[in-house]
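Residue numbers (mature numbering (1 follows the signal peptide of the UniProt record, and there is no 0)): -20 to -1, 1 to 301.
Heads up, the beta-carbon is just placed ideally off N, CA and C, and yes, glycines get one too.
This report refers to the structure that appears directly beneath it.
So this is what it looks like as structure tokens:
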């Protein structure tokens, strides 16, 4: 009898000569990335190929936590990508939509990071400034494409693909596989880069969330029981993928969305009546996106912050009369 965990291993067609593989990543159940029942020994599908998996098929039989917004909360233990390469995580994912899905993480360095996966997901990699710029990721160096990471696979349309398998050897078929559909309007601006204007800074979000169900009059304790979710934001308006371009260029972890569902009690000071409010802290950068067609866009882009597994911000009583 095999473990209830699904073990992920690669099925890859090999060249006659030994080819280098992209560094591995693991799928883990908790912060610290110490409990990783599922592991991929190659780093994903080479851009511009897409291999999409159903989250329910892959994670339902493991000890992965259900995300408050649906899907699963999975800790990705990502190895250091090869030079001039980046790892891209998308969810939800679909071969019929622009870019094969919504990018929720881009990594040019090793990381242990929590990501909320929707009903479908995919892990992709790009190498060289040509593929990575088209994928919306800016990588250093002038390499246009590094074919050493292109390992043939029928399911991936001729490029490398990390296939998933149960521990007993049964292959998990992808929900969908194929090349990503390209937007010709975006292709004209595929080669874009971001230049920051000064150092990153932290500021409070523009919105305050009410996170307690009831109000109370102090002295009392109120239970903070509602999930706190903060999205990324930008003042830049452009026909390019702003999130991918900026997140790949800044020197800090950049997240599209951060959610915290932990419950706790918060004290209401004596004489005050109200509910608990939460204002997230954002890590922001101001700068310019410059594209090869001569267009440029200036503005602020901000990411929510998660520290030690908790969303970073300030809790306070929203006083009501």
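Cβ neighbour criterion (16 or more within 10 Å) applied to residue i
i	result
residue 63	exposed
residue 231	exposed
residue 194	exposed
residue 75	buried
residue 89	exposed
residue 240	buried
residue 277	buried
residue 244	exposed
residue 181	exposed
residue 293	buried
residue 49	exposed
residue 104	buried
Contacting residues, own chain, Cβ-Cβ under 8 Å from residue i (five flanking each side not counted)
i	result
residue 214	222, 223, 226, 279, 280, 281 and 282
residue 188	257, 258, 259 and 298
residue 14	8
Spatially closest choice to residue i from the options, by CA coordinates
i	options	result
residue 185	81, 260, 97 and 35	260
residue 176	106, 93 and 265	265
residue 298	61, 46, 204 and 267	204
residue 234	284, 245 and 198	284
residue 218	198, 8 and 274	274
residue 68	248, 47 and 236	236
residue 33	45, 80 and 11	80
residue 253	77, 296 and 207	296
residue 263	201, 10, 212 and 46	212
residue 45	178, 242 and 246	242
Proximity below 8 Å, CB of residue i to CB of residue j
i	j	result
residue 112	residue 269	no
residue 57	residue 5	yes
residue 174	residue 108	no
residue 228	residue 82	no
residue 250	residue 198	yes
Same chain, Cβ closer than 6 Å to residue i, neighbours up to 5 away in sequence not counted
i	result
residue 286	238
residue 97	35, 51, 52, 54 and 71
residue 255	190, 192, 195 and 298
Beta-carbon proximity list for residue i, same chain, < 7 Å, skipping 5 on both sides
i	result
residue 164	The predicted position of residue 164 is uncertain, since its pLDDT is 44 and thus under 50; a value taken from the coordinates is nonetheless stated next. For residue 164, where only same-chain residues beyond five positions count, there are no Cβ hits under 7 Å.
residue 16	6, 7, 8 and 57
residue 178	266
Checklist line | Ordered list of beta strand (DSSP E) runs contained in the stretch 225 to 273, each at least 3 residues | finding: 237 to 240, 244 to 248 and 253 to 271
Next item on the list: Jot down the residue ranges of each uninterrupted beta strand (DSSP E) in the stretch 26 to 64, minimum 3 residues, whole runs only, in chain order.
Entry: 29 to 34 and 52 to 58
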